[in-house]
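Engineer:
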Amino acid sequence: MEYIVYEQKGQYAVITISREKALNALNSQVLAELDQTLDAVNLDEVRCLILTGAGAKSFVAGADIGEMSNLTKAEGEAFGKKGNDVFRKLETLPIPVIAAVNGFALGGGCEIAMSCDFRICSDNAVFGQPEVGLGITPGFGGTQRLARLVGPGMAKQMIFTARNIKADEAYRIGLVNAVYPQEELLPAAEKMAAGIAKNAPIAVRNCKKAINEGLDLDMDKAVELEEKLFGDCFESYDQREGMAAFLEKRKVEAFLNK
Ligand code: DAK
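Mapped onto my numbering, the consecutive letters of the sequence shown carry residue numbers 89 to 346.
#1: If we count the other Cβ atoms within 10 Å of its Cβ and call it buried at 16 or more, is residue 160 buried or exposed?
#2: From residue 145 to residue 108, what does the alpha carbon distance come to, in whole angstroms?
#3: Let me check understanding here. Comparing Cα to Cα, which of 219, 217, 149 lies closest to residue 71?
#4: Going by DSSP, what residue range makes up the beta strand (DSSP E) through residue 102?
#5: Determine the closest residue to residue 176 out of 130, 229, 136, with distance taken between C-alpha atoms.
#6: Exposed or buried, residue 131, counting other C-beta atoms within 10 Å across all chains shown (16 or more means buried)?
#7: How many Å lie between residue 298 and residue 346 at the Cα?
#8: Just to check, is the beta-carbon of residue 247 closer than 7 Å to a non-hydrogen atom of the ligand DAK?
#9: Return the residue from the list 283, 304, 324 that minimises the CA-CA distance to residue 290.
#10: Please list the terminal residues of the continuous alpha helix (DSSP H) segment that includes residue 296.
#11: Got a sec: does the ligand DAK put a non-hydrogen atom nearer than 7 Å to the Cβ of residue 229?
#12: Going by alpha carbons, who is nearest to residue 240 out of 277, 165, 262, 276?
#13: In terms of residue numbering, what span does the alpha helix (DSSP H) encompassing residue 241 cover?
#14: Closer than 7 Å: is that where the CB of residue 111 sits relative to any heavy atom of the ligand DAK?
#15: Rounded to whole angstroms, what is the Cα-Cα separation between residue 205 and residue 174?
#16: In the stretch 101-182, which residue ranges form an unbroken alpha helix (DSSP H) of at least 4 residues, counting only runs that do not cross its ends?
#17: In the DSSP assignment, what residue or residues form a beta bridge with residue 95?
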């Protein structure tokens with residue numbers, strides 16, 4: 089892999105988009121390598137992922153403008169599909185993914201962060217959807233995920249004005265959950281990932297599924313989905329161990345992902 093670094097650290101792993109010379113912009117090769125990396129995650133061992141960018145300046149400065157500049161209509165659609173397929177893979181991965189946004193998250197960078205389960209960022213982070221200033225619409229799900237995350241009014245303001253926002257504003261509107269000094273960002277993400285990985289993995293996966301899929305359903309169907317996923321947990325060793333530990337006033341020995 090030229091542009092993706094994958095490091096497994098026990099029960100969690102860190103994916104770093106590493107194309108620092110172009111501020112980690114997403115070209116076709118980065119997208120293809122990310123796709124392969126996601127396919128290769130060992131889901132028996134890894135219980136949480138972190139996605140970040142190389143360097144202290146940029147998370148991902150967008151889709152690669154040089155590569156996009158000469159696309160035909162058909163090629164533009166194909167590039168959009170390539171990105172959307174990878175972003176959906178990230179979003180629907182069974183395990184949680186934390187975006188650790190370490191700088192610019194513009195266009196496709198903001199969009200890939202929004203495909204993660206939640207976002208934390210460094211105090212120099214900058215978010216935005218500058219596409220209309222380039223003559224295009226957001227093409228990797230930005231119109232859809234931003235509106236769902238921060239509400240249609242705020243999403244429309246950001247997208248129509250193409251104005252970037254800083255970390256504190258991203259926090260205020262709920263686009264990120266927390267802001268850290270740059271050097272504390274990755275340690276904080278790793279601490280969160282390790283904490284998530286300690287919980288019962290089947291239960292965590294079922295929560296992700298319930299929230300993601302439930303948001304697309306009406307409330308009657310959504311609570312039915314929750315009931316089913318709740319019920320599934322009772323076929324797991326981890327449910328028996330978790331509840332036995334509580335009743336026996338001891339710590340859980342280990343959740344075994346079974
Ligand atoms: N693409 C390609 N190269 C980029 C890049 C990008 N998005 N962003 C930065 N770079 C490159 C710069 O060209 C420069 O390369 P060299 O000139 O050194 O070779 C290097 O990274 C360093 O950048 P700067 O010299 O510009 O650094 P500054 O600190 O001065 O400025 C900046 C940093 C982030 C403010 C600036 O680089 C910038 O404005 N970058 C572009 C940000 C942007 O507009 N991003 C959104 C891209 S549009 C779709 C699919 C996807 C999309 C849309 C449709 N379909 C197919 C439907 C998504 C669109 C986007 O993401």
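We treat Cβ as the ideally placed atom computed from N, Cα and C, and that holds for glycine.
Quick caveat: nothing in here was measured; it's all calculated off a predicted structure.
Structural biologist: With the given structure in hand:
#1: exposed
#2: 9 Å
#3: The requested residue 71 is not part of the displayed model; the chain covers only 89 to 346.
#4: 100-105
#5: 229
#6: exposed
#7: 19 Å
#8: no
#9: 324
#10: 289-302
#11: no
#12: 262
#13: 240-249
#14: yes
#15: 15 Å
#16: 116-128, 153-156, 161-180
#17: 102
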